[in-house]
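Heads up: the sequence lines are chains R and W, in that order.
The first sequence runs 1 to 462 under the UniProt record's numbering.
The second sequence runs 1 to 462 under the UniProt record's numbering.
See below for the structure under consideration.
Protein chains: 2
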Amino acid sequence: MSAIHQNVSTSLSASTSTFLSHNNLKSLRPSHVSVAGRMSAVVKCVATPSAEKTAYKTDVARNENLAKLQAGYLFPEIARRRNAHIAKNPDAKVISLGIGDTTEPIPEVITSAMSKRSEVLSTVSGYSGYGAEQGEQKLRAAIASTYYAGLGIEENDIFVSDGAKSDISRLQVLFGSNVTMAVQDPSYPAYVDSSVILGQTGLFQTDVEKYANIEYMRCTPENGFFPDLSTVRRTDIIFFCSPNNPTGSAASREQLTKLVQFAKENGSIIVYDSAYAMYVSDDSPRSIFEIPGAREVALEVSSFSKYAGFTGVRLGWTAIPKELHYSDGFPVAKDFNRIVCTCFNGASNIAQAGGLACVSPEGIKAMHEVVGFYKENTAIIVDTFNSLGFKVYGGKNAPYVWVHFPGRSSWDVFSEILEKTHVVTTPGSGFGPGGEGFVRVSAFGHRENVLEACRRFKELYK
Amino acid sequence: MSAIHQNVSTSLSASTSTFLSHNNLKSLRPSHVSVAGRMSAVVKCVATPSAEKTAYKTDVARNENLAKLQAGYLFPEIARRRNAHIAKNPDAKVISLGIGDTTEPIPEVITSAMSKRSEVLSTVSGYSGYGAEQGEQKLRAAIASTYYAGLGIEENDIFVSDGAKSDISRLQVLFGSNVTMAVQDPSYPAYVDSSVILGQTGLFQTDVEKYANIEYMRCTPENGFFPDLSTVRRTDIIFFCSPNNPTGSAASREQLTKLVQFAKENGSIIVYDSAYAMYVSDDSPRSIFEIPGAREVALEVSSFSKYAGFTGVRLGWTAIPKELHYSDGFPVAKDFNRIVCTCFNGASNIAQAGGLACVSPEGIKAMHEVVGFYKENTAIIVDTFNSLGFKVYGGKNAPYVWVHFPGRSSWDVFSEILEKTHVVTTPGSGFGPGGEGFVRVSAFGHRENVLEACRRFKELYK
Numbered sequence: 001m002s003a004i005h006q007n008v009s010t011s012l013s014a015s016t017s018t019f020l021s022h023n024n025l026k027s028l029r030p031s032h033v034s035v036a037g038r039m040s041a042v043v044k045c046v047a048t049p050s051a052e053k054t055a056y057k058t059d060v061a062r063n064e065n066l067a068k069l070q071a072g073y074l075f076p077e078i079a080r081r082r083n084a085h086i087a088k089n090p091d092a093k094v095i096s097l098g099i100g101d102t103t104e105p106i107p108e109v110i111t112s113a114m115s116k117r118s119e120v121l122s123t124v125s126g127y128s129g130y131g132a133e134q135g136e137q138k139l140r141a142a143i144a145s146t147y148y149a150g151l152g153i154e155e156n157d158i159f160v161s162d163g164a165k166s167d168i169s170r171l172q173v174l175f176g177s178n179v180t181m182a183v184q185d186p187s188y189p190a191y192v193d194s195s196v197i198l199g200q201t202g203l204f205q206t207d208v209e210k211y212a213n214i215e216y217m218r219c220t221p222e223n224g225f226f227p228d229l230s231t232v233r234r235t236d237i238i239f240f241c242s243p244n245n246p247t248g249s250a251a252s253r254e255q256l257t258k259l260v261q262f263a264k265e266n267g268s269i270i271v272y273d274s275a276y277a278m279y280v281s282d283d284s285p286r287s288i289f290e291i292p293g294a295r296e297v298a299l300e301v302s303s304f305s306k307y308a309g310f311t312g313v314r315l316g317w318t319a320i321p322k323e324l325h326y327s328d329g330f331p332v333a334k335d336f337n338r339i340v341c342t343c344f345n346g347a348s349n350i351a352q353a354g355g356l357a358c359v360s361p362e363g364i365k366a367m368h369e370v371v372g373f374y375k376e377n378t379a380i381i382v383d384t385f386n387s388l389g390f391k392v393y394g395g396k397n398a399p400y401v402w403v404h405f406p407g408r409s410s411w412d413v414f415s416e417i418l419e420k421t422h423v424v425t426t427p428g429s430g431f432g433p434g435g436e437g438f439v440r441v442s443a444f445g446h447r448e449n450v451l452e453a454c455r456r457f458k459e460l461y462k
Numbered sequence: 001m002s003a004i005h006q007n008v009s010t011s012l013s014a015s016t017s018t019f020l021s022h023n024n025l026k027s028l029r030p031s032h033v034s035v036a037g038r039m040s041a042v043v044k045c046v047a048t049p050s051a052e053k054t055a056y057k058t059d060v061a062r063n064e065n066l067a068k069l070q071a072g073y074l075f076p077e078i079a080r081r082r083n084a085h086i087a088k089n090p091d092a093k094v095i096s097l098g099i100g101d102t103t104e105p106i107p108e109v110i111t112s113a114m115s116k117r118s119e120v121l122s123t124v125s126g127y128s129g130y131g132a133e134q135g136e137q138k139l140r141a142a143i144a145s146t147y148y149a150g151l152g153i154e155e156n157d158i159f160v161s162d163g164a165k166s167d168i169s170r171l172q173v174l175f176g177s178n179v180t181m182a183v184q185d186p187s188y189p190a191y192v193d194s195s196v197i198l199g200q201t202g203l204f205q206t207d208v209e210k211y212a213n214i215e216y217m218r219c220t221p222e223n224g225f226f227p228d229l230s231t232v233r234r235t236d237i238i239f240f241c242s243p244n245n246p247t248g249s250a251a252s253r254e255q256l257t258k259l260v261q262f263a264k265e266n267g268s269i270i271v272y273d274s275a276y277a278m279y280v281s282d283d284s285p286r287s288i289f290e291i292p293g294a295r296e297v298a299l300e301v302s303s304f305s306k307y308a309g310f311t312g313v314r315l316g317w318t319a320i321p322k323e324l325h326y327s328d329g330f331p332v333a334k335d336f337n338r339i340v341c342t343c344f345n346g347a348s349n350i351a352q353a354g355g356l357a358c359v360s361p362e363g364i365k366a367m368h369e370v371v372g373f374y375k376e377n378t379a380i381i382v383d384t385f386n387s388l389g390f391k392v393y394g395g396k397n398a399p400y401v402w403v404h405f406p407g408r409s410s411w412d413v414f415s416e417i418l419e420k421t422h423v424v425t426t427p428g429s430g431f432g433p434g435g436e437g438f439v440r441v442s443a444f445g446h447r448e449n450v451l452e453a454c455r456r457f458k459e460l461y462k
């Protein structure tokens with residue numbers, strides 16, 4: 001694990017400064033090299049320490065949407081701060097309950113399937129080259145029958161992917177730059193950042209800490225982490241994650257019925273992220289397609305990452321019902337198929353062999369054990385913060401615990417916890433302005449680390 | 001292999017009709033369901049055979065860029081025609097020299113590394129979760145030293161990916177919709193199609209078979225398959241593939257020096273696709289970075305697909321020099337890093353273990369053997385068409401043979417060959433209007449199949 005984290009550290013050195021506002025960068029450059037011009041472009045940059053460096057610039061304008069981004073992607077920034085802390089405290093035993101990275105081994109029934117698939121690739125009969133961009137048909141069928149039995153989702157509605165994050169970006173490419181979007185606030189940062197990159201938003205409004213043209217649906221303890229839809233502006237796309245990352249809260253059947261109705265009234269498309277569905281303990285829906293009528297207004301993104309520890313193996317899927325149509329009647333799935341064929345070449349065949357093992361009876365049992373282990377961790381963390389008198393949310397239906405520090409800055413609390421306990425968490429405000437005053441504690445960790453982290457929390461906040 | 005191809009067949013059923021102009025689709029729909037309107041949207045579609053089908057439509061407008069695409073992605077369409085042919089001729093022994101899919105087993109030194117990595121993922125000490133989005137540092141370093149030694153490309157300039165096609169699309173997202181682009185004509189269709197999807201182009205001009213706003217750099221036998229740059233309009237981005245898919249031709253050092261100079265004069269960025277570099281037999285450059293000054297104007301996309309048979313395993317990389325800057329001085333690599341962190345989660349760790357084995361001394365030797373085998377196939381195909389009196393191009397530095405059928409339609413020749421010899425090729429016009437009158441024959445195949453295909457070619461064209 002430490003080798004991986006060292007990799008993160010080294011490889012992110014280049015991205016560190018992008019966490020600063022990009023506009024700051026300009027002031028670091030000597031002004032005399034900022035002159036544009038094709039023929040005079042090779043200019044010795046004598047004012048910089050490295051006198052050898054030339055300051056040639058192409059005439060290609062930087063993508064203005066990337067310039068809108070205010071910071072580096074949240075999780076590399078967390079990793080950077082973690083590594084800076086380690087550098088400053090080389091003897092500290094740092095525990096990561098931050099980026100939501102799985103820690104437990106992948107069940108052997110799954111790894112042995114991947115190992116076998118790897119091996120047969122060196123045989124004439126077992127070799128396979130390009131697979132279908134949409135995924136191997138057996139896996140598509142198995143995902144449909146495992147997660148969507150009786151819900152009207154069939155194997156050809158399943159597009160196998162290299163993970164939910166990649167699919168979110170492909171969905172943004174699918175919808176293009178002219179759509180409007182809504183997100184839960186707080187929410188997984190890939191929704192907003194990919195929307196900015198695709199040009200769906202205006203500039204970042206520093207006063208409210210929101211991008212213009214995105215509808216932020218505030219989710220707070222007061223509304224049970226389900227937005228007050230009567231105050232939500234109509235948008236084309238509604239990103240909705242349940243069980244939610246980061247609040248850990250799962251929407252009820254009644255709430256999701258309201259959401260589907262809201263989408264239908266507005267002619268919107270819901271992009272439903274169900275990556276934590278197997279963590280649901282009560283009767284909250286595991287899929288948006290449990291809600292009648294949802295197939296006409298929703299598609300669903302999911303992943304094996306948090307079920308089977310596939311965060312490094314990379315495998316997920318998107319389900320797009322045949323009933324989902326654009327305003328001109330064109331099926332959304334047909335355009336997504338074109339995106340997948342043009343911009344992707346299918347998930348790794350080895351990972352797909354692992355996916356097939358995941359949804360075998362033995363694999364499902366093994367995944368439930370993995371999920372069960374992390375749920376025990378969650379209960380330990382919830383109990384700890386409860387015993388310390390904090391208001392604690394989430395945890396029941398998701399591997400995330402959302403701890404309230406009223407009136408305090410999330411980043412301050414993050415730093416305080418890191419400094420004083422050597423435990424990495426995630427500041428709530430990294431998920432949107434609605435996360436301010438909260439810290440997300442992830443339940444992904446070895447048991448002894450979770451117990452030790454909780455001991456340290458008790459020491460700090462006793 | 002046949003299982004894979006059946007998968008392609010089944011899974012592509014949904015995409016088949018997208019090969020027709022999308023405009024045709026509208027006329028297939030009863031006009032009474034094309035009425036927009038939020039509240040009246042659930043309408044029984046009584047005129048269709050399936051009376052149960054509802055015709056609800058969201059109010060989300062279809063991405064107009066996707067509507068510009070004239071046809072399905074080329075290679076799924078080839079697979080569709082292949083499968084239709086098999087259905088019509090169930091007893092025919094069909095041979096695929098079409099989509100460029102590798103057929104030979106992956107060397108064992110590589111698969112055993114992937115198998116081992118799979119296995120250790122089920123152990124506490126060997127498990128790893130999220131890796132760096134940019135790839136494992138050891139692999140980045142090994143790619144840099146294997147392919148770019150002495151060329152000024154270092155490990156942090158390498159972004160490991162799930163393949164060149166995915167990276168081409170991520171590069172389009174990087175550049176955004178306001179750039180102009182040039183492509184070789186003919187060229188690998190992902191460049192043009194992804195440009196259309198990102199909104200960089202105008203409509204398809206049926207008279208010239210080109211998208212408006214793309215500069216098509218014609219590559220013909222007359223100009224040695226290197227464009228006459230004096231007639232090429234300035235664009236922001238220049239896609240350039242060498243050794244070329246589909247013409248099989250590699251640009252010389254002198255030609256690439258001219259290209260780099262042209263880019264510099266125009267302030268353009270070259271996206272250089274070197275996915276076939278290991279097939280170079282003569283002293284043509286293997287990397288654009290062999291050309292002095294290229295680091296200021298070019299980035300390079302590459303892949304293990306055609307070296308190690310990784311078309312199904314999925315692993316590639318993009319090298320972006322630190323010296324490559326936008327017009328405002330911002331480093332291109334920094335924005336690409338942000339794209340990779342936001343829209344991607346790294347290549348599968350198992351595939352990366354395979355990549356590391358690829359660039360070990362043993363792995364490099366094994367890859368050269370695989371490449372050598374396909375090069376022998378290429379020579380057999382070249383000899384066959386030469387002996388039949390055809391003008392044949394490519395083959396020397398690439399696994400593709402570009403056969404001229406002057407005055408004939410590529411699709412007609414494709415169909416003639418498929419009908420009469422049961423051999424699948426690729427019609428040259430599928431790569432752009434400049435490919436009309438040509439057929440691409442791929443050298444990826446088992447030896448006995450290549451020999452048998454050549455016997456059939458001799459029978460047909462004797």
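Ideal Cβ placement from N, Cα and C applies to all residues, glycine included.
Asked: Completely contained alpha helix (DSSP H) runs for the segment 114 to 185 of chain R, where each covers 4 or more residues; Found: 137 to 147, 164 to 175
Asked: Own chain partners of Gln205 of chain R with C-beta closer than 8 angstroms, once the 5 adjacent residues on each side are dropped; Found: Tyr211, Ala212
Asked: Beta-carbon proximity check, Trp317 of chain W vs Ile153 of chain W, cutoff 8 angstroms; Found: no
Asked: Neighbour flag for Gly312 of chain R against chain W, beta carbons, 8 angstroms; Found: yes
Asked: DSSP bridge partner residues for Tyr272 of chain R (one or two, in chain order); Found: R:Phe240, R:Glu300
Asked: Residue range of the alpha helix (DSSP H) that includes His85 of chain R; Found: 74 to 88
Asked: Rounded straight-line distance, which links the Cα of Arg408 of chain R to that of Leu460 of chain R; Found: 16 angstroms
Asked: Beta-carbon proximity check, Ala141 of chain R vs Pro243 of chain R, cutoff 8 angstroms; Found: no
Asked: Through-space distance from Leu324 of chain W to Glu296 of chain W, alpha-carbon basis; Found: 5 angstroms
Asked: Beta-bridge pairing of Ile214 of chain W - partner residues as DSSP gives them; Found: W:Met181
Asked: Cβ of Pro246 of chain W within 8 angstroms of any chain R Cβ; Found: no
Asked: Arg82 of chain W classed as buried or exposed, judged by whether at least 16 other C-beta atoms fall within 10 angstroms; Found: buried
Asked: Rounded Cβ spacing between Tyr73 of chain W and Cys341 of chain R (contact assumed at less than 8 angstroms); Found: 4 angstroms
Asked: Where His368 of chain W sits in the DSSP three-state scheme; Found: helix
Asked: Cross-chain neighbours of Ala190 of chain R in chain W, by beta carbon under 7 angstroms; Found: Thr342
Asked: Minimum Cβ-Cβ distance from Leu460 of chain W to chain R less than 8 angstroms; Found: no
Asked: Three-way DSSP call (helix, strand, coil) for Gln255 of chain R in this model; Found: helix
Asked: Thr231 of chain R burial status per 10 Å Cβ neighbour count (16 or more: buried); Found: exposed
Asked: Chain W contact for Ala251 of chain R (CB, 8 angstroms cutoff); Found: no
Asked: Residue environment, His22 of chain W, which counts as buried when at least 16 other CB atoms sit within 10 Å; Found: With a pLDDT of only 37 at His22 of chain W, under 50, the local geometry of the prediction cannot be trusted, and the value read off the model is given with reservation. Flag for His22 of chain W reads buried.
Asked: Ile291 of chain W versus Asp328 of chain W - alpha carbon distance; Found: 25 angstroms
Asked: Asn223 of chain R classed as buried or exposed, judged by whether at least 16 other C-beta atoms fall within 10 angstroms; Found: exposed
Asked: Simplified DSSP state of Phe204 of chain R, which is helix, strand or coil; Found: strand
Asked: Enclosing alpha helix (DSSP H) for Thr342 of chain R [first to last residue]; Found: 332 to 343
Asked: CA-to-CA distance, Ala55 of chain W to Ser360 of chain R, given in whole angstroms; Found: 36 angstroms
Asked: Neighbour list for Met114 of chain W in chain R, Cβ cutoff strictly below 7 angstroms; Found: Ser118, Ile350
Asked: Inter-residue CB distance, residue 469 of chain W and Ile350 of chain R (contact presumed, cutoff 8 angstroms); Found: Examination of residue 469 of chain W is not possible in this model, given that chain W is present from 1 through 462 alone.
Asked: Buried/exposed call for Asn65 of chain W, threshold 16 Cβ in 10 Å; Found: buried
Asked: Meets three-Cβ-pair contact criterion under 8 angstroms: the segment 426 to 442 of chain W and the segment 180 to 188 of chain W; Found: yes
Asked: Nearest candidate by alpha-carbon position, reference Ser128 of chain R, set W:Ala308, W:Cys454, W:Val183, W:Thr123; Found: W:Ala308
Asked: Under 9 angstroms by beta carbon: chain R residues contacting Ile339 of chain W; Found: Leu66, Ser169, Ile197
Asked: DSSP state of Pro221 of chain W mapped onto helix, strand, coil; Found: coil
Asked: Cβ shell of Thr102 of chain W (< 6 angstroms), same chain only, five flanking positions each side left out; Found: Gly309, Thr311, Phe444
Asked: Under the three-state DSSP convention, the category Arg38 of chain R falls into; Found: Low local confidence applies: a pLDDT of 37 at Arg38 of chain R is under 50, so the model's placement there is unreliable, with the coordinate-based value given in what follows. Coil, per DSSP.
Asked: Simplified DSSP assignment, three categories, for Phe289 of chain W; Found: helix
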